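Here the protein sequences line up with chains A, B, C and D, keeping their order.
Quick note: the first sequence, position 5, residue 5 per UniProt numbering, numbers continuous.
Quick note: the second sequence, position 265, residue 265 per UniProt numbering, numbers continuous.
Quick note: the third sequence, position 315, residue 315 per UniProt numbering, numbers continuous.
Quick note: the fourth sequence, position 326, residue 326 per UniProt numbering, numbers continuous.
Just so you know, even glycine gets a beta-carbon here, dropped at the ideal spot from N, CA and C.
No experiment lies behind these values; they were computed from the predicted model shown.
Following: one structure in structure tokens, then a few remarks.
Number of protein chains: 4
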Amino acid sequence: MTKTVAIIGASGYTGAELIRLIATHPDLEIGALCADRKAGMRLAEVFPHLRHLDLPELTKVDTVDWSGIDLAFAALPHGTSQQIVAAIPERVKVIDLSAGFRLSDTAVYERWYGDAHRAPELQKTAVYGLSEFYRDDIRAARLVAGTGCNAATGMFALLPLLQAGVIDPDEIIIDMVCGVSGAGRAAKEAMLHSEVSEGTHAYGLPQHRHTSEFDEQFGKAAGRPVEVTFTPHLMPANRGILATCHVRGDADEIHATLAERYGPEPFCEVLPMGEAPATRHVRGSNFVHVGVVGDRRSGRVRVFAALDNLTKGSSGQAVQNANLMLGLDETAGLMLAPLFP
Amino acid sequence: MTKTVAIIGASGYTGAELIRLIATHPDLEIGALCADRKAGMRLAEVFPHLRHLDLPELTKVDTVDWSGIDLAFAALPHGTSQQIVAAIPERVKVIDLSAGFRLSDTAVYERWYGDAHRAPELQKTAVYGLSEFYRDDIRAARLVAGTGCNAATGMFALLPLLQAGVIDPDEIIIDMVCGVSGAGRAAKEAMLHSEVSEGTHAYGLPQHRHTSEFDEQFGKAAGRPVEVTFTPHLMPANRGILATCHVRGDADEIHATLAERYGPEPFCEVLPMGEAPATRHVRGSNFVHVGVVGDRRSGRVRVFAALDNLTKGSSGQAVQNANLMLGLDETAGLMLAPLFP
Amino acid sequence: MTKTVAIIGASGYTGAELIRLIATHPDLEIGALCADRKAGMRLAEVFPHLRHLDLPELTKVDTVDWSGIDLAFAALPHGTSQQIVAAIPERVKVIDLSAGFRLSDTAVYERWYGDAHRAPELQKTAVYGLSEFYRDDIRAARLVAGTGCNAATGMFALLPLLQAGVIDPDEIIIDMVCGVSGAGRAAKEAMLHSEVSEGTHAYGLPQHRHTSEFDEQFGKAAGRPVEVTFTPHLMPANRGILATCHVRGDADEIHATLAERYGPEPFCEVLPMGEAPATRHVRGSNFVHVGVVGDRRSGRVRVFAALDNLTKGSSGQAVQNANLMLGLDETAGLMLAPLFP
Amino acid sequence: MTKTVAIIGASGYTGAELIRLIATHPDLEIGALCADRKAGMRLAEVFPHLRHLDLPELTKVDTVDWSGIDLAFAALPHGTSQQIVAAIPERVKVIDLSAGFRLSDTAVYERWYGDAHRAPELQKTAVYGLSEFYRDDIRAARLVAGTGCNAATGMFALLPLLQAGVIDPDEIIIDMVCGVSGAGRAAKEAMLHSEVSEGTHAYGLPQHRHTSEFDEQFGKAAGRPVEVTFTPHLMPANRGILATCHVRGDADEIHATLAERYGPEPFCEVLPMGEAPATRHVRGSNFVHVGVVGDRRSGRVRVFAALDNLTKGSSGQAVQNANLMLGLDETAGLMLAPLFP
């Protein structure tokens, strides 16, 4: 029951990560690879690490023959993505990895992203792609919006706690330490090795755009408006996001809530009470590690979540959603163990 | 007016950093280098980067001729340091870089460090070595206790704010991202390149020992007990600590307080309002960069401080203190610009 | 037709890499995990990145019930390995990843490794585990000796050329740049992040031990003694070895020889003439990329090979050999695409 | 006797390195900083690590008042540099850090760099800036051409050996491992952290441009044409170049030749026979470490040289040359010890 997918935006990191995962996926095959500016090239020229694969040549998206495609992954900048997704035939399911369809309210989108939404009607049909929390909706969806990678990390730490009402929604502080691949493959001075290596700094100040996803999802979970303080930091490593969340609540209750919630989840590992996760222990995998550590101040607790931004944070999540949307085993192709060291 | 110093514990990173700084210091020369287990070796065998210097051979500390020594730097583990410092002749000034003399209350020391203080009488004479805050005491001191490098970073961000009463002492959360050289040169599995690189994790949980310094210094500054939540994270870089401090207060007042307090300080740079510092911009230098960024939630503010743990956080601070104790220009030998990239 | 394997030395990096690969191998399951000093622990405590796997507890090797084991991987120091392999029941096939059985002449072994061979009889039965060159012998073997990871890299570049007689055997210079994980997980000062990062140096001077493997294999391929100059360098990256081999011959003939030899090989990719490979494009995979670049001096050619020392250089190679020895598809479990970035 | 300098191209890495070194230079002060595209900005906005310095604002080069300037450093791309240097008043001494004036024969320049030389008359007056080998010429020069950083590294290893005739000029192979800052600060995909980190590859194939400097200087030293094979590799570290040179000669004679030649040199350290240098032990300094290691094959020898590409390889060398040209102590401002770790 092999299904055929197209990847639009195959020359970026999330595109390459999709191809890497699909390369050993038992039920998916790649029918089209699009990268407008590199149309006509072989993927091996763009991503030499994938040169052993027998893949279609890169094409422009408007030349794709959609007749044999079951599902399209769009890994494009958000504005472009809205336009391109709108042009895909209705019978092809779509997973969009950009920020183009993550916020249900287009006015909120426009406030955070600074330009008008180019596919407002389509937005109404989009399901938020946090697989573990929208599984049934995703199964039934035609359009799924992949989460922000930072947003996903914070949500794995906190969504079950807000849903269960075991933390104070007004006292949430989220600090993150994030790898550089999240910034993508575009050539920017700030992302040069010489600029990024050997140090750290906070970025996205004063308010990183993924904050908008926290607002919507946390508010929904808590049943009331929630505003968090979110401060991401760049670290000199390619992959990985660690969320350190400061909350008020009872550490044991928090740990029990997470352990129960994630017990049946194949990709969510809750560490023993008092242990904290490391990003390097999930690298290249679809796993998320969650930990809870109390504080000497009664009522203050640190909740940690670690995942790989390119995998569980975007392309692995997308494949998980594709599995759901296409009626495949949810874990198919995704049980690759993390790469360490 | 050249002064002569001894370095005890010259085979560790803080020892090497002292030698690096003294190498171009106009008024200090090295009279003795001690490293018990490496006695008899040349420093170039232990630290090839210093091979161009004409230095005394490494010796055991008990063979030092103290007669020509004006000041000793002790860069040793804390228990050992208490014993060795206690044996240095009274006329020799001492700067201890360990945790051995940082806490004025030996009972508190014993609670946090787990063993009995070995020089409790000497402790009474020790001055806390945060140069910008204890300058006059340091000038007059015979024994100065170098600060914890994490502790120093947090204090540069917050001490002036607690002294001025412009933040709520009950609502302080300090996250840090720290380079690995702070763990020293001892061979530990957890500090191998393969273990540390390409990722991050929180360490020192549930309560890092430097928390005890925050307790004492913040309490003194606020005039009442202050308990902070402190969570350090390891990053794959050798040098640098970034403190991200979450406080309640008015962002403008906080920025103004820091700008005024640090205006005359030669090593403390306050960034323009809304900007955040990066550790790579202070690497190898005695500078600390401080930044203030508001939050969308009224009353919440992020205060950042970045310094090099081996320089401003320990050995550079120690040289600054030596300058004060020996009547030299406080900045002598310390105006080296950061190394970037 | 699932086969059951034991891993002896499961607490080191090559042990962990075996487990990572077997985790998604369709035909292998793990029956025993041994790590003498960590017996009684769960693997998740030693390698948190493998915590999602349902694995046997770590045991001492002498408590293993061999009755259900088809094949044992020994990932131990070489002296120890000779002893332990000698005690494994004859009906269990063995792949040794140490240097214990790589050299057919025990006198040569003793000269390079400095101690007496502890299983000289067994040595006579050992097959050298370079899969692509000893495939038939490996299929029939009971004991296979995994290659040195540096040795394998150089051989992928040069063995076909020496066999075909297209390069001068007296004019070979091999420089390598190697990742740090090859040094293993033992705590050594020289392998600390602070020591290794941000620089490079040549190591294993004047003659690295893997030179002995070149001597034997290159001599066999050329039909006469061959002595190369081999100089490995450490780079601040965990995985990967790049061999830059300087030879005399005709660049086009060299490229054609390699392209023809590796054409049918599933794991060996020969780049287009004039292109050079990068270690980051094979990371975490069983692929080796080979490239040929001429020089302006007629008759001088550079032949490059890049592989992942933990995968194609040791544990991936071992699984490939296990597939051969157990009658499985040679590529089973090994088609994982490289992890980039 | 303070001298005033201008830095043209202050927004690149070599420009920043010049400022870093001059910041603590006792006899130099900065009179003008030029960066055409960033004119009007403060240097702290471009290089926050230099924010503690009191520096002139960035200006366009054509607005510089040359009347108070003794010497100009030009840190620009080579074509641009030829034009701009040609427009500097004759009484201002000039050190050009580009490739614009390194090759005495403009036809050779045009062959390697692919465009016509824009200041051929000026070229005739240029002195090659390898301080230790052209000291007297540099003292007398008005225009000095800084060397390529790779070229300098190879020359420190081999020039004295070719001059002394102790190695075979026809049998030289130079492999290098180089840090990424040599590629400059321009935003290029290939220099992103995600692309560069965690691996290595050879670059500049088939013939890196610095080969042309080897041709000229080695030919001059040997008194006959010399063609080397030169293969640089990129490593994931910002600073440092390690040259591994394979030569034919007598190891002891080679070591003795280097030790004697560099004995009086303040910045050249020859390691004990059999030891190899590491780039991390010269980082941020003007030192070059040279080592000699024999090979088991009689007559083959490895000669290593390590330096910091931004310091001894370009900006440190430039300051050393400025000291010579301005009649200052040659080592003034340059005795900064390397930064390790």
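Inset, instruction - Apply the 10 Å Cβ neighbour rule to residue 212 of chain D and answer buried if 16 or more other Cβ atoms are within range, or exposed otherwise. - result: buried
Legend entry - Where residue 283 of chain B meets chain A, residues with beta-carbon distance less than 8 Å: 198, 199
Inset, instruction - Report the partner residues of residue 93 of chain A according to the DSSP bridge assignment. - result: Residue 93 of chain A pairs with A:71.
Legend entry - Any 3 or more C-beta pairs closer than 8 Å across the stretch 73-80 of chain D and the stretch 94-112 of chain D: yes
Inset, instruction - Would you mind telling me which residues of chain A sit closer than 7 Å to residue 238 of chain C, beta carbon to beta carbon, in chain order? - result: Chain A residues near residue 238 of chain C: 341.
Legend entry - Simplified DSSP state of residue 308 of chain C, which is helix, strand or coil: Of the three classes helix, strand and coil, the one that applies to residue 308 of chain C here is coil, per DSSP.
Inset, instruction - Tell me, please, whether the CB atom of residue 269 of chain B is closer than 8 Å to any CB atom in chain A? - result: no
Legend entry - Alpha carbon of residue 180 of chain D to alpha carbon of residue 306 of chain D, nearest angstrom: If you take the alpha carbons of residue 180 of chain D and residue 306 of chain D, they lie about 15 Å apart.
Legend entry - Partners in chain D for residue 35 of chain B, counting only beta-carbon separations shorter than 9 Å: What residue 35 of chain B touches in chain D: nothing, since even the nearest Cβ is about 16 Å away.
Inset, instruction - Kindly give me the distance between the Cβ atoms of residue 286 of chain C and residue 257 of chain C, rounded to whole angstroms, as I take these residues to be in contact under 8 Å. - result: The pair is not a contact, with the Cβ atoms about 23 Å apart (cut-off 8 Å).
Inset, instruction - Could you tell me whether the stretch 229-240 of chain D touches the stretch 185-197 of chain A, where touching means 3 or more Cβ pairs closer than 8 Å? - result: yes
Legend entry - residue 64 of chain B versus B:275, B:25, B:6, residue with shortest Cα-Cα distance: Ranking B:275, B:25, B:6 by Cα distance to residue 64 of chain B puts B:6 first.
Inset, instruction - Mind the definition here: the stretch 23-40 of chain A touches the stretch 329-337 of chain A only if three or more C-beta pairs lie below 8 Å; say whether that holds. - result: yes
Inset, instruction - Note the first and the last residue of the continuous beta strand (DSSP E) segment covering residue 220 of chain C. - result: Residue 220 of chain C -> not in any beta strand (DSSP E); alpha helix (DSSP H) instead, spanning 211-222.
Legend entry - Beta-carbon proximity list for residue 159 of chain C, same chain, < 7 Å, skipping 5 on both sides: The beta carbon of residue 159 of chain C is closer than 7 Å to those of 133, 217, 221 in its chain, skipping five residues each way along the sequence.
Inset, instruction - Specify whether the stretch 320-327 of chain C and the stretch 291-307 of chain C touch according to this definition: at least 3 beta carbon pairs, one from each stretch, less than 8 Å apart. - result: Look at the beta carbons and you see the stretch 320-327 of chain C not touching the stretch 291-307 of chain C: under three pairs across the two are nearer than 8 Å.
Inset, instruction - Can you pull the chain G residues whose beta carbon is under 8 Å from the beta carbon of residue 38 of chain A, in chain order? - result: Absent here is chain G; the protein component of the structure consists of chains A, B, C and D.
Inset, instruction - Per DSSP, which residues does residue 268 of chain A bridge with? Please list them. - result: A:288
Inset, instruction - Can you check DSSP and say which residues form a bridge with residue 175 of chain B? - result: For residue 175 of chain B, which the question treats as bridged, DSSP gives the partners B:231, B:244.
Legend entry - Closer than 7 Å at the beta carbon, the chain D residues around residue 81 of chain A: Residues of chain D passing the Cβ test: none, with the nearest at roughly 21 Å.
Inset, instruction - Name, going along the chain, the residues of the stretch 207-223 of chain A whose beta-carbon falls closer than 9 Å to a beta-carbon of chain B. - result: 207, 211
Inset, instruction - Specify whether the stretch 165-180 of chain D and the stretch 246-261 of chain D touch according to this definition: at least 3 beta carbon pairs, one from each stretch, less than 8 Å apart. - result: yes
Legend entry - Residues in the stretch 171-193 of chain C having any Cβ partner in chain A nearer than 8 Å: 181
Legend entry - Status (buried if at least 16 other CB within 10 Å, exposed otherwise) for residue 229 of chain D: buried
Inset, instruction - Give the DSSP bridge partners of residue 58 of chain A, in chain order. - result: Residue 58 of chain A is bridged to A:33.
Legend entry - Positions along the stretch 9-38 of chain B whose CB lies within less than 8 Å of some CB in chain C: 13
Legend entry - Contact check, residue 303 of chain B vs residue 254 of chain B, beta carbons under 8 Å: yes
Legend entry - residue 274 of chain B at chain A interface by Cβ criterion, 8 Å: yes
Legend entry - Contacts around residue 184 of chain D, its chain only, beta-carbon distance under 7 Å, and the 5 residues preceding and following it disregarded: 12, 13
Inset, instruction - Taking only the alpha-carbon atoms, compute the straight-line gap between residue 114 of chain C and residue 172 of chain D and give it to the nearest angstrom. - result: 33 Å
Legend entry - Sub-8 Å separation of residue 69 of chain C and residue 8 of chain C beta-carbons: The answer is no: Cβ separation not under 8 Å.
Inset, instruction - Could you check the C-alpha separation between residue 203 of chain D and residue 177 of chain C for me, to the nearest Å? - result: 14 Å
Inset, instruction - May I have the straight-line CA-CA distance separating residue 89 of chain D from residue 41 of chain D, to the nearest angstrom? - result: 25 Å
Legend entry - Coil, strand or helix - residue 296 of chain D by DSSP: coil
Legend entry - Cutoff 8 Å: residue 108 of chain A Cβ touching any chain B Cβ: no
Legend entry - Whole-number beta carbon distance between residue 281 of chain B and residue 48 of chain D, since they are thought to touch under 8 Å: 4 Å
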